[in-house]
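Take any residue in the sequence shown, note its place counting from 1, add 1, and you have its number in my numbering.
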Amino acid sequence: MNTKSFRFFVIFILIIFLAAVAYFVFGIFHTISANSTILHDRYSVLTSKIISLADETSPFSVPFSNQLEADLSENPYISCITLSDSNSAFFAWPADSSHFVINQSGNPEISVSTPTLKTFSDIIHTSYGDITVTAALNTILKSEFYTVCSRTFIIVLAGTVFDFLLLIYLALFTQSSAKEMNKTLEDIEEEINTIAGKSEPKETAQPKAAEPKPAEEKKTVEKEDDEQTDSSDPAGLFSEKSGFGWESYLEPRLDAELIRAASNEMDLSLFIINIQDIDKDSPVFNAVCETMLEFFQYKDMVFEYGESGFAGILVNTNIDGAMAASELLYTNLKDIFNEYECNASCGIGLTTRSLRLITGARLLNEAKKAAEKAMGEKTLPIVAFRVNHEKSKQYLAESAERFVG
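Here it is, written out as structure tokens:
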């Protein structure tokens, strides 16, 4: 998955989940608003029923309380209620409600501080005297709340399943696009080779056979070739002392990572760390190598550079991230030098691809210049190569002209 596909995927996920949150909030507030407009009518029905019961039996009797409790238990909108006369409260339902508080007179009264409840109070007239009816009604029922939650969950679940299917599609589409691109490149390369083979002139004269060399001269030449091979080709992929790649492998690996970063539209940072006055056989050098591995994470992305320096590659890291990371790396190296009481000094030079089509040699030259300048800094020996895009365009134009010419 490239950067564009990843951004599209993330934005799509955010839209779905924001839509689910918006639906949940809207559903709750819409239900509360709709119920609030009819709660007064429900309260009026409640007071009418209390008046009817009071006409049949005394509101202070047990049958009245039992009948009223039975009616209230069937009404889901009633959260709690109190009935009181001029002296005290004689009825409170339910007895274990958390919305009841005891006032100074020792009577229960309703105290509500939540938008899901709305309090009503009125005085009704009965044959047994005036009665104050105070009730707290639910603006949203549990069943209504669960309905909104379940619908929100369905939206989130459907969005998650769709995102999962989209992720699979993007992965398969990216793989197929990469295969088609590789196939196209192979076809172009084959066509170029065919054209080049047709354009080469055929040789009419056979080259003369080389005269055999004397045995002693042949041995001498073979010995010199072996010495040159041993001196130029490093043994193995990684150095035995540091465990990192050889300096001769840096530029080819950098070219490969630059191609990969350009195809995925990612940035790339190159670090060169110059370290002076350090022995490669000392414990402090081993500690520095461990720090380098922790910083760059992969040993095949770190290389020996110079006499005792290092070069490292960080992918998907821009200039600001590289600067912040280099300051942390410099602090860790200084802590190691202080811990081992070592007089070594270091400087860090870095540069980034910055969305340029650039070769590994040019990027390496930029980091090298930055590292050389960093060694002259006294306070914070970290220098970043700032890209001049106008000069980069000019360089590409000149390179294209030379290629065409």
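Just so it is clear, CB atoms sit at the ideal spot from N, CA and C, and this is done for glycine as well.
In this text the structure is predicted, and so the values were computed from the model without any measurement.
| Check | Outcome |
| --- | --- |
| With burial defined as no fewer than 16 other Cβ atoms inside 10 Å of the residue's Cβ, what is the status of Ser-243: buried or exposed? | buried |
| When you compare only the Cα positions, how much space is there between Gly-107 and Ser-89? | 9 Å |
| Using only the alpha-carbon positions, how far apart do Ile-155 and Tyr-170 sit? | 22 Å |
| Terminal residues of the continuous alpha helix (DSSP H) containing Ile-68? | Just to set this straight, residue 68 is Gln in the shown sequence, not Ile. 63-74 is the extent of the alpha helix (DSSP H) around Gln-68. |
| Helix, strand or coil for His-488 per DSSP? | The structure shown has nothing for residue 488, since the chain only spans 2 to 406. |
| For Glu-241, would you say it is in contact with chain B, using Cβ-to-Cβ distances shorter than 9 Å as the test? | Within the model displayed, chain B is absent; a lone protein chain is all it includes. |
| Can you give me the C-alpha to C-alpha distance between Ile-279 and Leu-334, rounded to a whole angstrom? | 12 Å |
| May I have the straight-line CA-CA distance separating Thr-127 from Thr-48, to the nearest angstrom? | 11 Å |
| What residue range does the beta strand (DSSP E) around Ser-346 cover? | 346-353 |
| Is the beta carbon of Ile-314 sitting closer than 9 Å to the one on Phe-296? | no |
| Rounding to the nearest angstrom, what Cα-Cα distance links Leu-381 and Leu-15 in this structure? | 41 Å |
| Reducing DSSP to helix, strand and coil, say where Asp-280 ends up. | coil |
| So for Tyr-341, helix, strand or coil by DSSP? | coil |
| Over the uninterrupted beta strand (DSSP E) stretch that includes Ser-122, give me the two end residues. | 118-127 |
| Per DSSP, what are the beta-bridge partners of Val-22 in this structure? | Looking at the DSSP assignment, Val-22 forms no beta bridge with any residue, so it has no partner. |
| Can you tell me which of the three DSSP states Glu-305 falls into? | strand |
| Could you compute how far the alpha carbon of Met-302 sits from the alpha carbon of Ser-346? | 23 Å |
| CA-CA distance, Ile-124 and Glu-110? | 15 Å |
| Where do the ends of the alpha helix (DSSP H) carrying Asp-256 lie? | 251-264 |
| Quick check: what's the CA-CA separation for Gln-68 versus Thr-148? | 31 Å |
| Keeping to the same chain, check which residues put their C-beta closer than 6 Å to that of Val-388; ignore five residues upstream and five downstream. | Ser-355 |
| Please report how far the alpha carbon of Gly-307 lies from the alpha carbon of Phe-9, in whole angstroms. | 43 Å |
| So for Glu-110, helix, strand or coil by DSSP? | strand |
| Keeping to the same chain, check which residues put their C-beta closer than 8 Å to that of Asp-227; ignore five residues upstream and five downstream. | For Asp-227, the predicted structure reports a pLDDT of 48, less than 50, and the residue's modelled location is therefore unreliable. The matter cannot be settled from this model. |
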